[in-house]
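According to our numbering, the sequence shown is numbered sequentially starting from 545.
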Amino acid sequence: MIDVLPYQEQSWLGCFFSGRNALHWEAIVGGKAPAAWLEQVSPWIATFATQGCQSPIVLPVFDADGPSQWYAMAGNEASAVALAQELIAVVGPSYSDFRGQPLQADCSDEIECALQKRFGRFVFRLRPVSAAARGDVTQALQLYLGLLRRRPDIPDRTQRPFGRVRAEFDRALLAGNEVDAQRLRHEMIASGRIDAEQHKYLEIRMLAGLGHQHQLAHDYSLIKSVLGLSLPVQTITDLVEALYATYIAAIEDDLNVDGILTVFRNDIARHFGRLFRERKGVRQPNVLKAFLLYELVQDEPNVVRCRAIAAAYPAQAGPELIEYWSNRLVSAPSSRADVFELARQALADDDYELALQLSFESSPYVWTYSVMLRCAVELEEIEITRRVLEAVGNAPEAARATWTKRDLSRLQQLQSEPSEASQERPDTDWMSWVRYVEAGHYERPPLQILEEALTRWSAEAYASDPEACRQLAEKIGNASGEAECVFRDAFGALVEFFVDRLAHPVRGFIPLYTMLIRIVAWNGVVSANELELASALIQALVSLGPSKDDYVEALDAYSEIITANNTPGNIDWALNAAEMLALHGSPDSESRLRFFMAVVELARTQNHRLKPTQHAILSLLAKDYGCANLLESFSFQEEGHAETTAHADFDGLIGIYTLTESAGQRARQFLRMLLPLARVELNADVVATDRLKHLAVTADIFVFAWRSSKHQAYYAAKEARGDLQTLLPMGKGSASILSCVLTELERLG
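If you want it as structure tokens, here you go:
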């Protein structure tokens, strides 16, 4: 075992097993150490040696009584993240003080200095919560080593980093690019990092993210396959929102509450009631309304839970409906046993304030102390910690005798680390997370914290606080170094929260829209999905009638994006962008014209690849921008472009669904010129009408510009279309719609 280790590995091991470590390297090499100690060390070193030093390694520091603390090391960041998560699951916090934090090495400690020199920042330290926990940690780590040895090797397929693929997947969902989303989902599955449960969560996220909520709500087998699992917060949100949108949203304003409750009971609660066992702190309006309805259809509604849901509902979203439904509740006195169940439910909902209140009201019952300790650890507030420690200090011996190892661990954490309570929680809101990123001392990866916290934050609260939005935009926009990189990686989360989550653009978000457009510009060459998200941002901004300064700043950044992404594949996107700006008012015609000139320059440099339809759209746009003569010197040859005549005899029906009616009308105008025998019909119904369904059934070619559609309309059209193909253009503009139709005509031959 020792012989196969390279010298540099033996060097740091020699330093580790020396000094304050009662087990010395010479005793290990010579086999003279106690057998029980060697059993805790030799297998780890052997695994580390035989797996090419790619495996993590966990080694103990011994004192006279045995192992007193452990150090865990990994070779790279990906392995370190996995190691931290696995150690939390296997050991802490039940038996140790470990919460995933990396080691802050003591420069006077030879062991820690040697580890930091060899493994850098990928070192963790585990200390047992008590002397009695030493054996538990030892046993847990032996079990963990056995699992590592049995873990199959993942073949190297020159895979891209998983986090990067996941970020691209999220951006594809935001851009509505189903083809890309499917491809990226398969790439994540092929990486070997996705197990069977996560595969299902990913499928649910994809359907919800693409707006296919009705399809998701009707996929009974998929939903029921995850009902018995402890679901991630995002999965709970996706499923509950899909069910609410499908069965309740259309009737929620009905004054006949009994009718609403009947639908909820029959279509949701009866089949999917287990979804509502845990709310896990989600604060999105439709999810909160669904949880309230679930309680109202119970024989004995949990009045305390209902009040907590109503209290969590964002006032900016309009609480009138919640209050109207809540009037049906009848308060009844609760027994002490009932209060325990109420507290247990509050913990399951991550409503720690309510659980803490119930525990204080019921003190000194035995169960209250466990609840207090957990709430104090989760809330991390100085005053709460003080009150809980005082209450726990006065607990009777009978109650103390029932405390579990986890209770004792939480108590020790509160007693030994009171300073941590004064630190700001990074998952409180956007600003607390931004300050955590700026500080640079990461106990947990910032993006992981953000992913877990997003569903608990209310976009409606920010919509009514423009000053907070301005400060947030300044913080992110002025960041540098590592913080800037983290904020760029969080681009998708920012767009989802401030653009996609709300039904309409918000004036107070204008500084954030501008900042996000600049992030895309700073990235230089970007993907097609990021270009679409930039267009969504600029459309949100210009639809609000921004000030001249905001408009100019955003359009200058938008022009930089055009210049940096000067490729043939982006011509349709650029034409869509110019069309969108032409259809909105402008407080500064000069900056808008500069943007159009950037589009013209893109077309000029790619003139040899320009299609007749693209040239025709560009000519029409030149008139919109008041420079019809601009293209007179633009040499364009239509020869070789067969699309102008090849399909002139097509006499079928082309159906176009889009809520951007001006784009649909322009597309119809061009199609009538190209295909004089064809019939072109537009539809802009916001709900599932018979007219929309009839068009979907009868159209030979059906285009659904979903980025400008309503989800209910999409599901109705898709269901009516059956096995016939539905074309989904990437953008909202006429160029994307035309490109879809002409490509389909080419396919049909």
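Each residue gets a CB set at the ideal place from its N, CA and C atoms; glycine is no exception.
Computed from a predicted model, the values in this text were never measured in an experiment.
Start and end residues, alpha helix (DSSP H) containing residue i
i     : result
N1073 : A1072 to V1086
R1062 : I1054 to W1066
F835  : P829 to L840
I792  : Here I792 belongs to no alpha helix (DSSP H), and DSSP marks it neither H nor E.
F904  : Y896 to S906
R809  : Taken as a continuous stretch (DSSP letters only), R809 belongs to no alpha helix (DSSP H), as it is neither H nor E.
Y764  : Y764 to K768
P1156 : P1156 to D1168
L549  : Where L549 is concerned, there is no enclosing alpha helix (DSSP H), given that its DSSP letter is neither H nor E.
V1039 : F1035 to V1039
Y688  : A677 to R694
Q1015 : P1010 to G1021
A854  : V847 to A856
C1171 : Note, C1171: premise wrong, no alpha helix (DSSP H); not H, not E.
Q1213 : E1205 to L1218
F663  : E654 to F663
A1142 : S1133 to T1149
Reduced DSSP secondary structure (H/G/I, E/B, other) of residue i
i     : result
I866  : helix
D607  : strand
R872  : coil
E968  : coil
P1112 : helix
E1225 : strand
S1103 : helix
L1271 : strand
I638  : Just to set this straight, residue 638 is Ser in the shown sequence, not Ile. S638 falls in the coil class under three-state DSSP.
S879  : Interpretation of S879 is limited by its pLDDT of 49, a score under 50 that renders its predicted location unreliable; the figure taken from the coordinates is listed afterwards. In the structure shown, S879 sits in coil (DSSP, three-state: anything other than H, G, I, E or B).
E987  : coil
L891  : helix
L1276 : Here residue 1276 turns out to be Lys, not Leu, going by the sequence shown. If DSSP states are grouped into helix, strand and coil, K1276 belongs with coil.
A577  : coil
Y913  : helix
R704  : coil
W947  : coil
H815  : helix
A1232 : coil
R1045 : coil
G803  : helix
A649  : coil
Enclosing beta strand (DSSP E) for residue i [first to last residue]
i     : result
Y615  : G610 to M617
G1199 : L1197 to Y1201
E1004 : Unbroken run through E1004 is the alpha helix (DSSP H), A1003 to A1007; no beta strand (DSSP E).
F1248 : I1245 to F1248
Alpha carbon of residue i to alpha carbon of residue j, nearest angstrom
i     : j     : result
L718  : H815  : 30 Å
A590  : L923  : 42 Å
R823  : P1156 : 55 Å
N1151 : Q595  : 56 Å
N1227 : T1270 : 14 Å
Q613  : R564  : 12 Å
S765  : A892  : 25 Å
F668  : Q828  : 36 Å
D653  : L659  : 10 Å
V784  : F820  : 8 Å
L1125 : L1292 : 34 Å
S1283 : F1214 : 11 Å
K661  : L955  : 34 Å
E995  : N1110 : 33 Å
L1099 : Y1057 : 11 Å
A1080 : D1116 : 15 Å
L631  : S976  : 27 Å
E897  : A1072 : 44 Å
A531  : E583  : No information on residue 531 is available, as it lies outside the stretch 545 to 1293 that the chain covers here.
L1127 : C1171 : 16 Å
Beta-bridge pairing of residue i - partner residues as DSSP gives them
i     : result
F1194 : Answer by DSSP bridge pairing: none, since F1194 is not bridged.
E1026 : None; E1026 has no bridge partner.
L670  : W614
V602  : A616
> Counting only runs that start and end within the segment 916–941, where is the alpha helix (DSSP H) found for 4 or more residues in a row?
Replying inline: 926–937
> For the segment 718–756, which segments carrying the alpha helix (DSSP H) assignment without a break, of at least 4 residues, lie completely within its bounds, in sequence order?
Replying inline: 722–734 and 740–753
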